[in-house]
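**Q**
Residue numbers (this note's numbering): 19 to 675.
Here's what the structure looks like:
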């Protein structure tokens, strides 16, 4: 009875020891974050932060980090269990051999059998419940979560930072509305002047003023009275001078209003970017929650494949005898087989026109200042986002147990030239990645390095890639189980933009240099012709020049937008000289909204010292888009081209976005 009781205790001890060696993940390998699944705030004390600094995204980052920590701990626990069993088996074998040599009693035989079965059970447990594949899956899940967390951090704004962005956007929208109002006033005054040049008109057509601000209505009505008076007495010298002034005023107003409207229209690009950033901030927590849940589900699905089959476990039980014999050589054990990723006063124009032009200038100045403030906010957010990549680029690769190679920036093609270089940060692979070149590989060097745990791959061109030349860089893990290919082409080829995905930027505020108005009324034999302002270049100022004027000091220095002509002495009019019919200056054509990033890239990639030469590239984009749409690249089609051209030189018909 005593021997049987001792045997029961030995069996109980053996069972307890075997189960004690079992880690939680080996018996319940699927890891589920309850708060994450239920979409509840994390209950872990590690996520407790002061209410003043608490944000939905901050809590979600903590939630995702907790799941990542559980994956890392699960992989570490299985490694620890594996090593513990291994060390125990070695010690058990040594003890069994020693006792077998020094004694051969029946009691020792039973003890050796118990030791053998204990070791065999631990060995069988380790062989069937510890899975290296599952450890790789946990590590891949942790890597994918790290990628998603880092991609979300740029949108982790404090309340002060959100308020600064909101204020900058509100001020910009306010100044944009003010400029639009100034444009509408200038257009209305130009229309009031238009009837002055209509010779032979039997009646004066008055422009409605109901749509302009009330503080302008009296001045515009008085101007229309004067214009109609000049029209009814068109043979007098005063009328001749008045018509000349009207022509000058109309030309200037039409030009200034046209450029002002361009600035208003171009502003929608910047506001769209700011609104997108606000949307990203508001939706970052939801996006991270969804990506984290997806990764958790994908890991758990793959972990199912690592659970041992019960039929196999049954056969393992039958193998315990032979395994125990191998460990202790106990005679009581029968032999069996052992199983193994952004003002002057005017001359020759009327007072109302001067006031309207001044209002346009002031509104443009104000818009420039608020534009700079908003653009700083937008570009800072976009730079941070480009550096971190996107949450959707963070994927889990279930087929190999390794996370997919995630590149930041996440691009499949880039354009480089000359001796330019480009660097990616690489996530999702264990250790240091491998990078190989193919194609015109002799024209570039590739280097791989590690920096703070994040691997980097840098490609440097040795010379300019000619038309048709290309090279491919393949970035993979050391075992080539997961890889990414990036194609590199020269900037002369049709390709993606250099280095970063293009983001639309605000068209720089358009400025015109209006020369002094010439004689409003001729003297002697000089022709009395109204001189029109010089037509501005159809190209925008260079992106580099635009960037240089975004500081408050630079904006202040350039704030005198040359919409107003310089002063000039008004000559004594000669009544005999009739004013020449003034031809209205057309509103300058608008170019497509090409992003500042693209402009910089074109100039830099082609090493162009001339801005004009650089912007010829944009003319090429317009020509190609016009050909795609089957229309001519002319002043009449600029609107269609503007709406069709998109960053990167792509061209879409209306509606095909």
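Yeah, the Cβ is synthetic: ideal placement off N, Cα and C, and Gly gets one too.
Buried or exposed: which applies to residue 460, given that a residue is buried once 16 or more other Cβ atoms fall within 10 Å of its Cβ?
**A** Residue 460 is exposed by the Cβ-count criterion.
**Q** Along the chain, where does the beta strand (DSSP E) that runs through residue 123 open and close?
**A** Run containing residue 123: none; DSSP gives neither H nor E here.
**Q** State the beta-bridge partners of residue 173 as determined by DSSP.
**A** According to DSSP, residue 173 bridges with nothing at all.
**Q** Looking at the structure shown, is residue 274 part of a helix, part of a strand, or coil, going by DSSP?
**A** Residue 274: helix per DSSP, three-state reduction.
**Q** Since I believe residue 423 is in contact with residue 676 (beta carbons under 8 angstroms), could you give me their beta-carbon distance rounded to a whole number of angstroms?
**A** Residue 676 lies beyond the residue range present for the chain, which begins at 19 and ends at 675; the question has no answer from this structure.
**Q** Given this structure, state the Cα-to-Cα distance separating residue 277 from residue 300, to the nearest angstrom.
**A** Their Cα atoms are separated by approximately 35 angstroms.
**Q** Got a sec? Which residues, its chain only, sit under 6 angstroms from residue 391 by beta carbon, not counting five neighbours each side?
**A** If we look at residue 391 and ignore the five residues flanking it on each side, its Cβ neighbours are 186.
**Q** Quick one: what's got a C-beta closer than 6 angstroms to residue 267's C-beta in the same chain, skipping five residues either side?
**A** Same-chain partners within the cutoff: 211, 367, 368 and 371.
**Q** Quick check on residue 709: does DSSP put it in helix, strand or coil?
**A** Nothing in the structure corresponds to residue 709, since the chain is present only between 19 and 675.
**Q** Short of 6 angstroms in beta carbon distance, which residues of its chain neighbour residue 467, apart from the five on each side in sequence? Order them along the chain.
**A** Correct list, in chain order: 474.
**Q** Applying the 10 Å Cβ sphere with the 16-neighbour rule, what's the burial state of residue 451?
**A** Buried, by the Cβ-count rule.
**Q** Select from 50, 393 and 203 the residue whose C-alpha is nearest the C-alpha of residue 159.
**A** When each option's Cα is compared against that of residue 159, the closest is 50.
**Q** To the nearest angstrom, how far is it from the Cα of residue 490 to the Cα of residue 502?
**A** If you take the alpha carbons of residue 490 and residue 502, they lie about 10 angstroms apart.
**Q** Identify every residue that forms a DSSP beta bridge with residue 454.
**A** In the DSSP output, where bridge partners are listed per residue, residue 454 has 492.
**Q** What three-state label does DSSP hand residue 506 in the structure shown?
**A** Strand, per DSSP.
**Q** Between which two residues does the alpha helix (DSSP H) containing residue 52 stretch?
**A** 52–55 is the span of the alpha helix (DSSP H), which, as asked, contains residue 52.
**Q** Are the CB atoms of residue 747 and residue 63 nearer to each other than 8 angstroms?
**A** One cannot answer for residue 747 here, as it falls past the ends of the chain, which runs 19 to 675.
**Q** Please confirm whether residue 462 and residue 441 have their CB atoms less than 8 angstroms apart.
**A** The answer is no: Cβ separation not under 8 angstroms.
**Q** Who does residue 425 pair with in a DSSP beta bridge?
**A** Per DSSP, 444.
**Q** Just to check my reading of the structure: residue 3 and residue 169 have Cβ atoms closer than 8 angstroms, yes? What is that Cβ distance to the nearest angstrom?
**A** Since the first and last residues shown for the chain are 19 and 675, residue 3 lies out of range.
**Q** Ends of the beta strand (DSSP E) at residue 431?
**A** Per DSSP, residue 431 belongs to the beta strand (DSSP E) from 431–434.
**Q** For residue 55, count the other beta carbons within 10 Å of its own beta carbon; 16 or more makes it buried, fewer makes it exposed. Which is it?
**A** Counting Cβ neighbours within 10 Å, residue 55 comes out exposed, since fewer than 16 surround it.
**Q** Can you find at least 3 beta carbon pairs, one from the stretch 131–147 and one from the stretch 281–297, that sit closer than 8 angstroms?
**A** They do not touch, by the three-pair rule.
**Q** Apart from the five residues just before and just after residue 377, which ones in its own chain have a Cβ nearer than 6 angstroms to its Cβ?
**A** For residue 377, where only same-chain residues beyond five positions count, the Cβ hits under 6 angstroms are 200.
**Q** How many angstroms separate the CA atom of residue 46 from the CA atom of residue 284?
**A** Rounded to the nearest angstrom, the two C-alpha atoms are 58 angstroms apart.
**Q** Could you say which of 437, 444, 436 and 435 lies nearest to residue 429 if we only look at CA atoms?
**A** The option with the nearest alpha carbon to residue 429 is 444.
**Q** By DSSP's criteria, residue 473 is part of a beta bridge. Which residues make up the other side?
**A** In the DSSP output, where bridge partners are listed per residue, residue 473 has 444 and 468.
**Q** Could you tell me whether the Cβ atoms of residue 457 and residue 488 are closer together than 8 angstroms?
**A** Yes; because the gap between Cβ atoms is below 8 angstroms, this pair is in contact.
**Q** When the distance is taken between beta carbons, is residue 399 closer than 8 angstroms to residue 508?
**A** No, the Cβ-Cβ distance between residue 508 and residue 399 is not below 8 angstroms.
**Q** Applying the 10 Å Cβ sphere with the 16-neighbour rule, what's the burial state of residue 151?
**A** Classification of residue 151: exposed, given that the 10 Å Cβ count is below 16.
**Q** Is it true that the CB of residue 309 sits closer than 8 angstroms to the CB of residue 166?
**A** Yes, Cβ-Cβ distance for residue 166 and residue 309 is below 8 angstroms.
**Q** Do residue 312 and residue 78 have their beta-carbon atoms positioned less than 8 angstroms apart in this structure?
**A** In this structure, residue 312 does not lie closer than 8 angstroms to residue 78 by Cβ.
**Q** On the three-state DSSP scale, how would you describe residue 82?
**A** Note: residue 82 maps to helix in three-state DSSP.
**Q** Using C-beta distances below 8 angstroms, list every residue in its chain close to residue 100, excluding the 5 sequence neighbours before and after it, in chain order.
**A** So the qualifying residues of the chain are 144 and 148.
**Q** Just tell me which of 439, 73, 58 and 375 has its CA closest to the CA of residue 173.
**A** The residue with the shortest Cα to Cα distance from residue 173 is 73.
**Q** Per DSSP, which residues does residue 479 bridge with? Please list them.
**A** For residue 479, which the question treats as bridged, DSSP gives the partners 462.
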